[in-house]
Amino acid sequence: MPVPIIIANWKMSLGVNASVKLALSVGNKLRGMRGKEIVLCPSFTSLSRVGEVIAKTGIKLGAQNVFWKETGAYTGEEAPSTLCELGCQYVIVGHSERRQNIFETDEMVHNKIRVCLENKLMPIVCVGETYAERQGGYANDVVFYQLIKALSGLTLSGSRQLIIAYEPVWVIGSGRAINPLDAGKAFRLIHRTLYDLWPERIIKKHIRIVYGGSVDGKNARHFSQLEFFSGFLVGGSSLRAEEFAGIIKAI
Ligand code: PGA
51 MPVPIIIANW KMSLGVNASV KLALSVGNKL RGMRGKEIVL CPSFTSLSRV
101 GEVIAKTGIK LGAQNVFWKE TGAYTGEEAP STLCELGCQY VIVGHSERRQ
151 NIFETDEMVH NKIRVCLENK LMPIVCVGET YAERQGGYAN DVVFYQLIKA
201 LSGLTLSGSR QLIIAYEPVW VIGSGRAINP LDAGKAFRLI HRTLYDLWPE
251 RIIKKHIRIV YGGSVDGKNA RHFSQLEFFS GFLVGGSSLR AEEFAGIIKA
301 I
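The sequence shown lines up with residues 51 to 301 when you count with my numbering.
Now the structure itself:
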């Protein structure tokens, strides 16, 4: 397995002070930890303060969104260069909560990934099916087309890196992760789909696949044995430093 990456998605759950407090306690819990890539993704308004707290800890900073233009009259949006200025190295793109609530389309997701790569930000691209899509028997098609639409036409070279987060929408925030064997099947599908886009050497060097959806300190180790597994995108369990550290230690 390449260096595992564990990404905390704090969503809109914390204010600035609470984010600073949590970043401090995560930093304390993980002091001295080696060989794992840890990323905290607070809300936009907390990025700067959280960035200061984790500056010397080895923990990295990520954003939960970005706009696909470099600059201009786009009220309420954030430019990739601003995120870089704040020390962000990662951006979550195409999270199902944005696809559902903000009606983010595959085209927007694609444009955001492109602008991240052009600005040396590592996109964490979320894909995954809803419960109805799974019950209908077309979960694989959904994930396949999300990937193709998000990633077609992108060049991966130099230091450009990409993370694919497989997140079955119906288990996010449910407290019940999917069966790791099903996650394994999705990982294989993702891996096969990537082969339609790039040669193996590019995939190996530039892309990692992680799982997200109700990961906790207890179920984490069941996923870590899966082929193509490289880490986690963690929501609820990342809001408790102890639990988050437990996930990190479990893999
Ligand atoms: P969850 O969220 O861990 O609370 O299920 C994961 C995510 O939305 O990225």
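Cβ atoms here follow ideal geometry from the backbone N, Cα and C, with glycine treated the same way.
As the structure is a computational prediction, the values presented were derived from the model and not from experiment.
Bridge partner(s) assigned by DSSP for residue i
i	result
residue 303	As shown, the chain starts at 51 and ends at 301. That puts residue 303 outside it, with no answer to give.
residue 177	216
Delimiting residues of the beta strand (DSSP E) encompassing residue i
i	result
residue 58	55–59
residue 258	257–262
residue 330	There is simply no residue 330 to check, as the chain begins at 51 and stops at 301 in what is shown.
residue 281	279–284
Endpoints, alpha helix (DSSP H) assigned at residue i
i	result
residue 98	97–104
residue 113	Counting along the chain, residue 113 falls outside any alpha helix (DSSP H), though it belongs to the beta strand (DSSP E) covering 110–113.
residue 198	189–201
residue 88	Per DSSP, residue 88 belongs to no alpha helix (DSSP H); it is in the beta strand (DSSP E), 87–91.
residue 77	66–79
residue 288	Looking at the DSSP string, residue 288 is not in any alpha helix (DSSP H), and its letter there is neither H nor E.
residue 270	270–273
residue 205	Residue 205 -> no alpha helix (DSSP H), and no H or E assigned at all.
residue 133	130–135
Give a yes or no on contact between the segment 211–224 and the segment 260–272, applying the rule of three or more CB pairs nearer than 8 angstroms. Touching, per the Cβ criterion.
May I ask you to verify whether the segment 190–207 touches the segment 165–177, counting CB pairs closer than 8 angstroms and requiring at least 3? Result yes; three or more Cβ-Cβ pairs closer than 8 angstroms.
Specify which residues have a beta carbon nearer than 6 angstroms to any heavy atom of the ligand PGA, listing them in chain order. That gives 59, 217, 222, 223, 262, 263, 264, 265, 283, 284, 285, 286, 287.
With a threshold of 8 angstroms, are at least 3 pairs of Cβ atoms found where one atom belongs to the segment 117–129 and the other to the segment 71–91? Three or more Cβ pairs closer than 8 angstroms define a contact, and the segment 117–129 falls short of that threshold against the segment 71–91.
Below 8 angstroms, how does it come out for the segment 128–140 and the segment 160–175: are there three or more Cβ pairs, yes or no? Segments in contact, yes.
Complete beta strand (DSSP E) runs within the segment 208–258 (minimum length 3 residues, chain order): Note on the segment 208–258: whole beta strand (DSSP E) runs with a minimum of 3 residues are 212–216, in chain order.
Using 8 angstroms as the cut-off, can you tell me whether the segment 225–238 makes contact with the segment 147–159, which would need three or more C-beta pairs spanning the two stretches below that distance? Too few Cβ pairs lie closer than 8 angstroms, so no.
Contact between the segment 242–253 and the segment 199–218 is defined here as three or more beta-carbon pairs at a separation below 8 angstroms; is this criterion met? Yes: at least three Cβ pairs fall under 8 angstroms.
Cβ pair count under 8 angstroms reaching 3, the segment 69–79 against the segment 273–292: They touch, by the three-pair rule.
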